[in-house]
Each structure stands twice: as structure tokens, then as C-alpha cells.
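Enquirer: Following this message is one structure expressed as C-alpha cells.
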């Protein structure tokens with residue numbers, strides 16, 4: 001019980017420390033920027049101004065981490081981290097016009113993401129493997145970074 005109370009106190013102090021530098025003014029600038037960026041934005045349209053141009057997706061995968069291995073059944077559980085990056089030509093802004101805001105964190109459902117599949121025969125229980133990330137980082141230059149951290153079971 002004492003350990004739980006100590007953990008709760010530590011958590012409250014950490015949250016207070018993390019939010020103490022955020023002012024109402026900063027939240028207002030971020031809100032206005034989001035409102036401006038997403039006024040006519042569609043997550044269903046590829047993020048290019050000229051539709052004949054390709055969207056280049058960079059994929060970086062961190063080495064898988066072995067989480068568990070059941071030698072009897074032959075099942076292996078891995079954690080795989082994959083980072084997708086691309087340029088979204090619709091999400092550009094001048095930081096000087098937005099109180100120096102250079103990066104936003106946006107829910108993945110609000111931003112265009114590439115349709116990427118994986119061989120479901122290899123990964124059991126992974127029908128929706130790539131669409132599980134919750135947040136995407138967007139830079140004022142339009143650079144988008146999407147980190148996916150996923151546990152995979154290999155039978």
C-alpha cells in the first residue's frame with residue numbers, strides 16, 4: 001500500500017513538472033495552428049499538391065526485441081518498432097507566425113498515413129498490424145514521423 005502511494009505521489013509530481021512550462025498562451029497558439037492546418041485537410045487524400053508526384057515513404061525498423069519464447073510450443077513473441085517518415089505538403093507553416101511552434105503531435109486518425117500491409121500468414125493475430133499507432137509528429141517543414149511499437153507473435 002505504501003509503495004502504491006509513493007508511486008502515485010511520484011506520478012503526480014512528474015505530471016506537474018512536465019506541465020508547469022505550458023502556458024495558456026502556448027496552448028492557444030497550438031490550437032490556432034491546428035485549426036488553420038486542418039481546416040481543409042483530408043486524411044484520405046495523398047498529401048501532395050501535384051498528384052502526378054510520388055510520396056516517398058522512408059521505413060526504418062529497429063531490431064526486434066525478444067519478449068518471450070515458449071520452447072515447447074515454438075511460439076516467439078517480439079516487440080518491433082518501425083518508423084515511417086514522409087513529407088506532407090499540406091502541413092507546412094512558418095514558426096515565426098505561430099509563436100515559434102515548430103512541431104505538433106497529431107492523432108494518427110487525423111493525418112494521411114500510407115497503406116502498408118504485411119504478410120498475415122507470418123504474424124498470427126496481426127490483421128491490423130500497421131494501423132495501431134496513436135500519434136504522429138509533424139514538423140513545420142511538413143516532415144511527418146510515425147512510430148509504431150507493436151508486439152508480434154510468431155507461431
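Residue numbers (this note's numbering): 1 to 155.
All residues carry an ideal CB built from backbone N, CA and C; glycine is no exception.
Closer than 8 Å, CB to CB, is residue 142 near chain C or not?
Expert: Among the chains of the structure shown, chain C does not appear; only one protein chain is present.
Enquirer: Is it true that the CB of residue 64 sits closer than 8 Å to the CB of residue 79?
Expert: Yes, they are a contact pair.
Enquirer: My assumption, with CB atoms under 8 Å, is that residue 101 sits in contact with residue 29. Please give the rounded CB distance.
Expert: Confirmed, Cβ separation roughly 6 Å.
Enquirer: Rounded to whole angstroms, what is the Cα-Cα separation between residue 108 and residue 138?
Expert: Roughly 11 Å between the two C-alpha positions.
Enquirer: By the DSSP assignment, the beta strand (DSSP E) with residue 58 in it spans what residues?
Expert: Start and end: 58-70.
Enquirer: Tell me whether residue 52 sits in a helix, a strand or coil according to DSSP, three-state version.
Expert: Coil, per DSSP.
Enquirer: Which value, in whole angstroms, describes the spacing of the CA atoms of residue 143 and residue 88?
Expert: Distance between the alpha carbons of residue 143 and residue 88 is about 6 Å.
Enquirer: To which residues does DSSP link residue 105 through a beta bridge?
Expert: Residue 105 is bridged to 137.
Enquirer: Tell me the residue span of the beta strand (DSSP E) that contains residue 85.
Expert: Note, residue 85: beta strand (DSSP E), 75-87.
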